[in-house]
Amino acid sequence: MQLQFLTRHVRAAILAMAVVFAALLATNGTASAACDAFAGKQLYNCLANKLDHVASNSYRSPDTQAALQKAASQLRVAVNKAQALSAISQARSVLAGVIQKVKSAGQDYSGLVRVTGVLSYAARLIQQKG
Numbered sequence: 000m001q002l003q004f005l006t007r008h009v010r011a012a013i014l015a016m017a018v019v020f021a022a023l024l025a026t027n028g029t030a031s032a033a034c035d036a037f038a039g040k041q042l043y044n045c046l047a048n049k050l051d052h053v054a055s056n057s058y059r060s061p062d063t064q065a066a067l068q069k070a071a072s073q074l075r076v077a078v079n080k081a082q083a084l085s086a087i088s089q090a091r092s093v094l095a096g097v098i099q100k101v102k103s104a105g106q107d108y109s110g111l112v113r114v115t116g117v118l119s120y121a122a123r124l125i126q127q128k129g
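Numbering (numbering that gives the first Met the number 0), first residue to last: 0 to 129.
Printed below as a string of structure tokens:
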């Protein structure tokens with residue numbers, strides 16, 4: 000019974016992360032380029048808007064949606080690089096937990112790894128322009 004429960008949640012998480020990945024991939028080209036034009040607080044707000052957009056597309060996974068919304072709200076109130084990087088790091092941590100669950104269930108997690116890469120890109124952008 001617990002295995003079926005876990006399997007359902009893992010499948011939902013995979014689907015949600017696929018949606019998140021698709022949204023991030025779609026916004027990484029043009030929308031991230033728009034964020035590239037900013038630094039400091041404006042950069043944090045731009046990235047927060049992108050995370051909110053992705054969160055709105057991850058309606059199938061409340062945990063993913065909540066984590067992305069939390070990161071977005073933390074980015075909006077961030078006043079320095081350390082706070083902005085912490086927000087991204089927390090989102091990456093949630094994603095790592097999802098990857099671990101998917102991995103232990105023997106499911107494909109390559110899409111989740113790509114999302115982690117996108118979050119890493121956001122962190123690098125904050126480090127460079129923060």
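Glycine included, C-beta positions come from ideal geometry on N, C-alpha and C.
Rounded to whole angstroms, the separation of the alpha carbons of Ala95 and Asn48 is 22 angstroms. Nearest C-alpha to Leu50 among Ser72, Ile125, Arg123, Gln41: Ser72. C-alpha of Gly105 to C-alpha of Val112: approximately 15 angstroms in a straight line. Gly105: not part of any alpha helix (DSSP H); DSSP gives it neither H nor E. Judged by DSSP in its simplified three-state form, Ala95 adopts helix. Measuring C-alpha to C-alpha distances from Arg91 to each of Ala65, Val76, Val78, Ser103 identifies Ala65 as the nearest. Boundaries of the alpha helix (DSSP H) around Val53: 39–55.
Taken through DSSP and simplified to helix, strand or coil, Val117 comes out as helix. By the 16-neighbour rule on beta-carbons within 10 angstroms, Val78 is exposed. Note on geometry: alpha-carbon atoms of Ala70 and Ala33 lie some 19 angstroms from one another.
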